[in-house]
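Asker: Protein chains in written order, with my numbering: chain Y, 1448 to 1747; chain F, 11 to 142; chain D, 20 to 664. The C-beta atom is built at its ideal place from N, Cα and C for all residues, glycine as well. Only a predicted model underlies this, so the values are computations on that prediction, with no experimental measurement involved. Handing you this structure, nothing more for now.
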Amino acid sequence: MSLRQGSMRYPYFPGCTLKAKARGFETSAVASAGALGVHLDEMENWQCCGATFPLQADNSFPLVSPARTLASARKMGERLVTLCSACYNVLKRTNHVLRTDVGRRDKVNAFIEEDYAGDLEVMHFLEVLRDDVGFDALARSVKTSLGGLAVAPYYGCLLLRPNDELGFDDPEAPHILEDFLSALGCQVVDHPYKIECCGSYVALEPGDLASGPSRMVVESARSRGAQAIVTSCPLCQYNLDVAQQGAHGREQAGVPVIYFTQLLAIALGLPEDVLGFEGHVISPGPLLRCVGVVGSDAIA
Amino acid sequence: MRLARDVVRGEEERKLRDISGEEVRSCYQCGKCSAGCAMTSMMDLLPHQVIRLVQLGQVEEALASRTIWLCASCLACSARCPRGVSLPNVMESLRVTMLRPGGRHIDPARLPADVLENAPEQALVAGLRKYS
Amino acid sequence: MFVCWCGLNIGGVVDVPRVVEEISGCPGVARAVDYRYMCSDPGQQLIRDIIREERLDSVVIAACSPGMHESTFQSVAESAGVNPYRCEIANIREQCSWPHQNEPLEATRKAVELIRAAVEKVRGDEALSALSIPVTRRALVIGAGIAGMQAALDIADAGHEVVLVDRLPHIGGHMAQLSETFPTLDCSQCILTPKTSEVGRHPGIRLLTSSEVESVSGYVGNFTVKIRRRATYVNWDLCTGCGLCTEKCPSRTPSAFERGLAEEPAISIAFPQAVPHKPVIRPEACRHFTKGKCGVCEKVCPVGAIDFGQQDSLIEEKVGAIVVATGYDLHPKAKVGEYGYGVYPDVIDGLEFERLNSASGPTQGQIRRPSDGKVPKEVVFIQCVGSRDQENGYPYCSKICCMYTAKHARLYKHKVPDGQPYVFYMDIRAGGKGYEEFVQHATEEEGVLYLRGRVARVFQDGEHVVVFGVDTLSGKKVEIRADMVVLATAIVPASGAKELARVLKTATDEYGFFSEAHPKLRPVESLTRGIYIAGCAQAPKDIPDTVTQAGSSAAKVLTLFSAPRLSHSPTVAAVDEEICTGCGICVEACAYEARALDTRRHVAVVNDVLCEGCGACAVACPNGATRQRNMARSQAMAMIDAVMG
Ligand SMILES: Cc1cc2nc3c(=O)[nH]c(=O)nc-3n(C[C@H](O)[C@H](O)[C@H](O)COP(=O)(O)OP(=O)(O)OC[C@H]3O[C@@H](n4cnc5c(N)ncnc54)[C@H](O)[C@@H]3O)c2cc1C
Ligand code: SF4
Ligand code: SF4
Ligand code: SF4
Ligand code: SF4
Ligand code: SF4
Chain Y
1448 MSLRQGSMRY PYFPGCTLKA KARGFETSAV ASAGALGVHL DEMENWQCCG
1498 ATFPLQADNS FPLVSPARTL ASARKMGERL VTLCSACYNV LKRTNHVLRT
1548 DVGRRDKVNA FIEEDYAGDL EVMHFLEVLR DDVGFDALAR SVKTSLGGLA
1598 VAPYYGCLLL RPNDELGFDD PEAPHILEDF LSALGCQVVD HPYKIECCGS
1648 YVALEPGDLA SGPSRMVVES ARSRGAQAIV TSCPLCQYNL DVAQQGAHGR
1698 EQAGVPVIYF TQLLAIALGL PEDVLGFEGH VISPGPLLRC VGVVGSDAIA
Chain F
11 MRLARDVVRG EEERKLRDIS GEEVRSCYQC GKCSAGCAMT SMMDLLPHQV
61 IRLVQLGQVE EALASRTIWL CASCLACSAR CPRGVSLPNV MESLRVTMLR
111 PGGRHIDPAR LPADVLENAP EQALVAGLRK YS
Chain D
20 MFVCWCGLNI GGVVDVPRVV EEISGCPGVA RAVDYRYMCS DPGQQLIRDI
70 IREERLDSVV IAACSPGMHE STFQSVAESA GVNPYRCEIA NIREQCSWPH
120 QNEPLEATRK AVELIRAAVE KVRGDEALSA LSIPVTRRAL VIGAGIAGMQ
170 AALDIADAGH EVVLVDRLPH IGGHMAQLSE TFPTLDCSQC ILTPKTSEVG
220 RHPGIRLLTS SEVESVSGYV GNFTVKIRRR ATYVNWDLCT GCGLCTEKCP
270 SRTPSAFERG LAEEPAISIA FPQAVPHKPV IRPEACRHFT KGKCGVCEKV
320 CPVGAIDFGQ QDSLIEEKVG AIVVATGYDL HPKAKVGEYG YGVYPDVIDG
370 LEFERLNSAS GPTQGQIRRP SDGKVPKEVV FIQCVGSRDQ ENGYPYCSKI
420 CCMYTAKHAR LYKHKVPDGQ PYVFYMDIRA GGKGYEEFVQ HATEEEGVLY
470 LRGRVARVFQ DGEHVVVFGV DTLSGKKVEI RADMVVLATA IVPASGAKEL
520 ARVLKTATDE YGFFSEAHPK LRPVESLTRG IYIAGCAQAP KDIPDTVTQA
570 GSSAAKVLTL FSAPRLSHSP TVAAVDEEIC TGCGICVEAC AYEARALDTR
620 RHVAVVNDVL CEGCGACAVA CPNGATRQRN MARSQAMAMI DAVMG
């Protein structure tokens, strides 16, 4: 597939986290998209998606906020692009409910005073890269060689489950991240924990309870030679990163956990100021300098 | 444990069914959910044991379990359940049963400062919706 | 002399080339060869070629058990011109390489010895020819449950007469007692009555109810059977089945068909659809017999069919084949004390539940408990009662109770929607087409609560029967104050099965289930030629499996009937009349009644066809007058010498 320069425009939903703690995810994504001819058009009146899809059958109220976002995105176009896995999950599942469950759709529509029937297509930016840009074209756009970097993909839960509603990838053997990393020229490190849960919001439980599952994930990647882990979820990034607190500096070096868009921006040779690596526990700076893919000391 | 009609299909169990939209009696206790759950090492009851308690109408005991707060709604269990049980919905119904009358599992005001400062917004929003 | 490797079965233990080498030198051995699979087509061709090349007059094959391939190799020998009774098998697999897997050297030595012995034997073998016997193309079927009826119909439809015997006054067996049947829940009577009435009117089936087989003599193709017809005290030739007598009879007795849940008159027809639809008098309950007065039935019978003086009669039938289809009983009540079975009226068994649920049963199909007729709201079903219980019952699984318990729990829910059924189980064995789905439906759609564990105790407490059980899944002890308890008691062979086996000279297992000739390859043939088995007489099974096996036994009978004559092995006992003193010791020794004394000539004679060639007579004869063909004393001695070295 050839790259249709400047021809692609999408309504885009950033979500709260990308405007605050995960700013680098957004800046790297928007800049990379631009370099590939994709214009991510941030919606004007988006609302928080709710961060977790409500699992209560008797209560449709938590669907109101994401539904409002969906209804207004529909006015901008037929597709809505997301970056954060959680936003993708919540918006796509909400959209599914509104499309298939007439009873709940009527309740929610009454609240938001709209007549929205779920006829939007909620997409993840990875899907845009795969289907609209094309991984072959992406490979041809790579400016910085990442051949020296061994990277483990980490999907977590929210991109993959429930598969019958999301249909994102093979839920037990996904490969979109691998294909993406290959297109960038990285060495892909496959590992069994790439679809296991990191512990998610259990991070808030006192006593560091989510770090157990997260450590298993990091160890699964590290022991197979991964130098970095990529994700598309700020909570996964946080959990995997925090779980390694205190680990680096000892005999095992920490494995930096970065957003796939940050790696994309590096590969596309974009200025380092779009990367936004601040706030990481395991700083990716030393690794990236070491393999020679970034130069500036400004990267913490 | 004394079993009777009004225990097995009691009021408590009916409420859970309304909240979760799930019929737990489909579960045949194969244990596959527990086998794949990432959080079990911290749990006091395995996920399938929680389901069993609900099947037996022992809702109080299920509500007292730490497991319901440690479930991360990751859906690994329901994705693989051979009987199509949405176990995370059942967990949610148990949590909600505790929270709706005004209960709180975690008080946002008492979260440690470093968590408040560093955790992504997404974690705070999701956690507070699950825990309070 | 041919040695088979049987792949690694023999060749992996026994040093086959070495064996060949050693045997080659034996006296009388023209040639010794080995081959990887002697029974294969090329193996058989090899035997034929060498027989022709060397112009052999006898062969020894060292291979597997003669039970497997003796007939294969006999016909190979025959096709190359060697008399088949001069082909001997040395079993170096079952009797050598398998039991001596860990001693290859010893096994090799033993193989050589076994082969040497066979070589010695074959040197003494006579050229014999098979005996030929005629076939009576009529069959006897014992037991007229669904198995016996199906076999009888299949044989009769193929044009051969069938004598169908059942000890009850009516046919249909247990299936007549069932209400609805898994996995489709169709009404049992509705699918049964087309069969019973077809049997009743089939011109090729002679139906003998209230009858039992008393003795059997003869052999495959030629059995003579004596059948006792018990007195029914009603002349069925006159009786029209109008039922007046049963209406007027003043005496009442518990109904066996209703399993004691209802009473019936002393003269009665067990159930409305019974075939034959004729009454019988039970003398133990009839006032005429117990008190010497009454005779009401005799007075009301419009055709004068009552015959208090009727006696048992003996009927003799000649048949060529016998199908045993005597079915099952349930584990006796008295044996499960911990569940109060037989003590508490509201603890019942599966067949009693079937009657409660049956439209023609004691409650007209309403689920009401026996003690007070109340509709039970909490019903506990207990599986594996007496089954899988080596200590207090039987080690085997009764196979059908998981399914019928799921059925019972579902039928109960259909009739009592606000009731709660509980099922205590160990495992749910639902391996049949649509069966697992049937059980899942019970839990998922009908709310049957399965509790994994055995019940320890059931006791009466006021109105309730209290159940102490456990749910090993939750690790909790369970107590249920139930209104009724239904036990899935073990399936056991019909009473009298072992005695019948003795009459038929065939075998049962230790419990009384008839033994099949081979558990996998000959599942419907008994250990006696000409006798076949069908249905629960062989092992617990459900209706689909029963009908399948019945059809298969009928096919075996028809195969037998399709041969113009039968052949019998000629390696039987023979008497040297010059030496025999007519002492008769051999007659006693024969287990097959193959021997008799010719009182006129005063010598023992052998019925070749009955003789199984066991050799008991030859050993018993004090005068050495009896000889086993192709196992003469001289042959036996030579074989022993060969082994002793
Ligand atoms: C509670 C219960 C529920 C069941 N429900 C189902 C169901 O829903 N679906 C299903 O597929 N299966 C069911 N079954 C199994 C079913 O009953 C059997 O598969 C079937 O009846 C076996 O038929 P049979 O002819 O082998 O034996 P039987 O039905 O026992 O028939 C044997 C016959 O032989 C006669 N007999 C016995 N001994 C002698 C003798 N010495 N001389 C002459 N006659 C003799 C008996 O009088 C009887 O008529 C159930 C069984 C039970 C116990
Ligand atoms: S995987 Fe499903 S059926 Fe199996 S125990 Fe868990 S919930 Fe029950
Ligand atoms: S949803 Fe909850 S119970 Fe199920 S696997 Fe995930 S953490 Fe375990
Ligand atoms: S009254 Fe006579 S004819 Fe009528 S059923 Fe009785 S015996 Fe038969
Ligand atoms: S004699 Fe009297 S008791 Fe006996 S069967 Fe006839 S009516 Fe009944
Ligand atoms: S079929 Fe089921 S209930 Fe019957 S003995 Fe076997 S396991 Fe037990």
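Using a threshold of 8 Å, state whether the C-beta atoms of D/T243 and D/V299 are closer than that.
Answerer: Here the question's residue 243 of chain D lines up with position 224 in the third sequence. Here the question's residue 299 of chain D lines up with position 280 in the third sequence. Not a contact, by the Cβ cut-off of 8 Å.
Asker: If you draw a straight line from the C-alpha of D/K560 to the C-alpha of D/F533, how long is it?
Answerer: Numbered from its first residue, the third sequence carries residue 560 of chain D at position 541. Numbered from its first residue, the third sequence carries residue 533 of chain D at position 514. If I take the Cα positions, the gap works out to 13 Å.
Asker: DSSP three-state label for D/P454, please.
Answerer: Sequence index remark: in the third sequence, residue 454 of chain D carries index 435 (1-based). Residue identity differs from the one stated: residue 454 of chain D is Tyr in this sequence, not Pro. In this structure, D/Y454 counts as helix in the three-state DSSP scheme.
Asker: Per the DSSP calculation, D/G164 is bridged to which residue(s)?
Answerer: Taking the first residue of the third sequence as 1, we reach residue 164 of chain D at position 145. Looking at the DSSP assignment, D/G164 forms a beta bridge with D/G191.
Asker: So, for D/C609: in the same chain, excluding its five sequence neighbours on each side, which residues have a beta-carbon less than 7 Å away from its beta-carbon?
Answerer: Start at 1 with the first residue of the third sequence, and residue 609 of chain D comes out as number 590. So the qualifying residues of the chain are A635 and C636.
Asker: Check the Cβ of F/I116 against every Cβ in chain Y and list those closer than 9 Å, keeping chain order.
Answerer: Translated into the one-based positions of the second sequence, residue 116 of chain F becomes position 106. Ordered by position in chain Y, the residues that pass the 9 Å Cβ test against F/I116 are L1651, E1652 and P1653.
Asker: How long is the line joining the alpha carbons of D/E89 and D/V355, rounded to whole angstroms?
Answerer: For the purposes of this step, residue 89 of chain D is taken as residue 70 along the third sequence, with counting starting at 1. For the purposes of this step, residue 355 of chain D is taken as residue 336 along the third sequence, with counting starting at 1. Going by the C-alpha atoms only, they are around 49 Å apart.
Asker: Could you tell me which of Y/G1481, Y/Y1459 and Y/L1510 sits nearest to Y/M1490, measuring between CA atoms?
Answerer: As a first step, residue 1490 of chain Y is located in the first sequence; it is residue number 43 there, counting from the start. Measuring from the Cα of Y/M1490, the nearest candidate turns out to be Y/Y1459.
Asker: Name, please, each residue of chain F whose Cβ falls closer than 9 Å to the Cβ of Y/P1681.
Answerer: Position 234 of the first sequence, counted from the start, is the residue given in the question as residue 1681 of chain Y. Simply P130, E131, Q132 and A133.
Asker: Give me the Cα-Cα distance between D/V398 and D/E456, rounded to the nearest whole angstrom.
Answerer: As a working mapping, residue 398 of chain D is identified with position 379 in the third sequence. As a working mapping, residue 456 of chain D is identified with position 437 in the third sequence. The straight-line gap from Cα to Cα measures roughly 22 Å.
Asker: Who does D/R687 pair with in a DSSP beta bridge?
Answerer: The structure shown does not extend to residue 687 of chain D, since chain D is modelled only from 20 to 664, so the question has no answer here.
Asker: Taking any Cβ of chain F, which residues in the stretch 1502-1514 of chain Y have a Cβ under 7 Å from it, in chain order?
Answerer: Under the 7 Å Cβ criterion, the stretch 1502-1514 of chain Y contributes L1502, Q1503, A1504 and D1505.
Asker: In chain order, what residues of the same chain lie with their CB nearer than 6 Å to the CB of Y/A1586, ignoring the 5 residues before and after it?
Answerer: Indexing the first sequence from 1 puts residue 1586 of chain Y at position 139. Excluding residues within five positions, the ones whose Cβ falls inside 6 Å are A1630.
Asker: Might you give, ordered along the chain, the residues of its own chain that have their beta carbon closer than 7 Å to the beta carbon of Y/A1478, omitting 5 neighbours on each side?
Answerer: Taking the first sequence and counting its residues from 1, the one referred to as residue 1478 of chain Y is at position 31. So the list reads A1712, L1717 and V1721, once near-sequence residues are dropped.
Asker: Is it true that the CB of D/V622 sits closer than 8 Å to the CB of D/C605?
Answerer: Counting from 1 along the third sequence, the entry for residue 605 of chain D is found at position 586. Counting from 1 along the third sequence, the entry for residue 622 of chain D is found at position 603. Contact: no.
Asker: Would D/L430 count as contacting chain F if we go by Cβ distances under 8 Å?
Answerer: Taking the third sequence and counting its residues from 1, one reaches residue 430 of chain D at position 411. Chain F, which has no Cβ nearer than 8 Å to the Cβ of D/L430, makes this no.
Asker: Name, going along the chain, the residues of the stretch 17-39 of chain F whose beta-carbon falls closer than 7 Å to a beta-carbon of chain Y.
Answerer: If the cut-off is 7 Å between Cβ atoms, the stretch 17-39 of chain F has D28, I29, S30 and G31 near chain Y.
Asker: Pop quiz: Y/E1473 and Y/L1530 are said to be a contact at Cβ under 8 Å. What is the actual Cβ separation, rounded to whole angstroms?
Answerer: Locating residue 1473 of chain Y in the first sequence gives position 26, where the first residue counts as 1. Locating residue 1530 of chain Y in the first sequence gives position 83, where the first residue counts as 1. About 7 Å separates the two Cβ atoms, so the contact holds.
Asker: Is D/Q402 near ligand 6, going by C-beta to nearest heavy atom under 7 Å?
Answerer: Indexing the third sequence from 1 puts residue 402 of chain D at position 383. For ligand 6, at least one heavy atom lies less than 7 Å from the Cβ of D/Q402.
Asker: In angstroms, rounded to a whole number, what distance separates the CA positions of Y/L1545 and D/E199?
Answerer: Residue mapping note: residue 1545 of chain Y aligns to position 98 of the first sequence, counting from 1. Residue mapping note: residue 199 of chain D aligns to position 180 of the third sequence, counting from 1. Their Cα atoms are separated by approximately 45 Å.
Asker: Figure out for me which residue from D/S588, D/G603, D/A651 and D/Q654 has the closest Cα to the Cα of D/L690.
Answerer: Within the shown structure, residues of chain D are numbered from 20 to 664, placing residue 690 of chain D beyond reach of any answer.
Asker: Are the CB atoms of D/A378 and D/G369 nearer to each other than 8 Å?
Answerer: For the purposes of this step, residue 378 of chain D is taken as the residue at position 359 of the third sequence. For the purposes of this step, residue 369 of chain D is taken as the residue at position 350 of the third sequence. No, the Cβ-Cβ distance between D/A378 and D/G369 is not below 8 Å.
Asker: So which residues on chain F does Y/N1610 lean against when the C-beta distance must stay under 8 Å?
Answerer: For this step, residue 1610 of chain Y is matched to residue 163 along the first sequence. Simply A89.
Asker: Quick check on Y/A1469: does DSSP put it in helix, strand or coil?
Answerer: For the purposes of this step, residue 1469 of chain Y is taken as residue 22 along the first sequence, with counting starting at 1. Coil at Y/A1469, not helix or strand.
Asker: Three or more C-beta pairs closer than 8 Å, one from the stretch 1654-1665 of chain Y and one from the stretch 43-54 of chain F: is that the case here?
Answerer: Verdict: yes, contact present.
Asker: Can you tell me the Cβ-Cβ gap for Y/T1541 and Y/A1498, rounded? I've got them flagged as a contact below 8 Å.
Answerer: Translated into positions along the first sequence, residue 1541 of chain Y becomes position 94. Translated into positions along the first sequence, residue 1498 of chain Y becomes position 51. Not really, about 12 Å apart at Cβ, beyond 8 Å.
Asker: Going by DSSP, name the residue or residues bridged to D/E283.
Answerer: As a working note, residue 283 of chain D is residue 264 in the third sequence. According to DSSP, which records beta bridges pairwise, D/E283 is partnered with D/T272.
Asker: Does the Cβ of D/A475 have 16 or more other Cβ atoms within 10 Å, making it buried, or fewer, making it exposed?
Answerer: By 1-based counting over the third sequence, the position of residue 475 of chain D is 456. Counting Cβ neighbours within 10 Å, D/A475 comes out exposed, since fewer than 16 surround it.
Asker: What are the residues that DSSP puts in a beta bridge with D/L333?
Answerer: Position 314 of the third sequence, counted from the start, is the residue given in the question as residue 333 of chain D. For D/L333, which the question treats as bridged, DSSP gives the partners D/R247.
Asker: Please identify, using Cβ separations under 7 Å, the residues of the stretch 1707-1732 of chain Y that lie next to chain F, in order along the chain.
Answerer: For the stretch 1707-1732 of chain Y, which is checked against every Cβ of chain F, not one residue is closer than 7 Å.
Asker: Any idea what DSSP makes of D/S14, helix, strand or coil?
Answerer: There is no way to answer for residue 14 of chain D, as the model of chain D reaches only from 20 to 664.
Asker: Below 7 Å, is the gap between the Cβ of F/V95 and the nearest heavy atom of ligand 7?
Answerer: As far as ligands go, the structure on display features ligand 1, ligand 2, ligand 3, ligand 4, ligand 5 and ligand 6 and does not contain ligand 7.
Asker: Using the three-state DSSP reduction, which class does D/G240 fall into: helix, strand or coil?
Answerer: As a first step, residue 240 of chain D is located in the third sequence; it is residue number 221 there, counting from the start. Residue state, collapsed to three classes: coil.
Asker: Assuming contact is defined by CB atoms lying nearer than 8 Å, are D/V232 and D/V522 in contact in what I supplied?
Answerer: For the purposes of this step, residue 232 of chain D is taken as residue 213 along the third sequence, with counting starting at 1. For the purposes of this step, residue 522 of chain D is taken as residue 503 along the third sequence, with counting starting at 1. Contact flag set, yes.
Asker: Taking the beta carbon of D/H386 as the centre, do at least 16 other beta carbons fall within 10 Å, making it buried, or is it exposed?
Answerer: What you label residue 386 of chain D is simply residue 367 of the third sequence in a count that begins at 1. It is worth fixing the name first, because residue 386 of chain D is Ile in this sequence and not His. Its Cβ being crowded by 16 or more others within 10 Å, D/I386 is buried.
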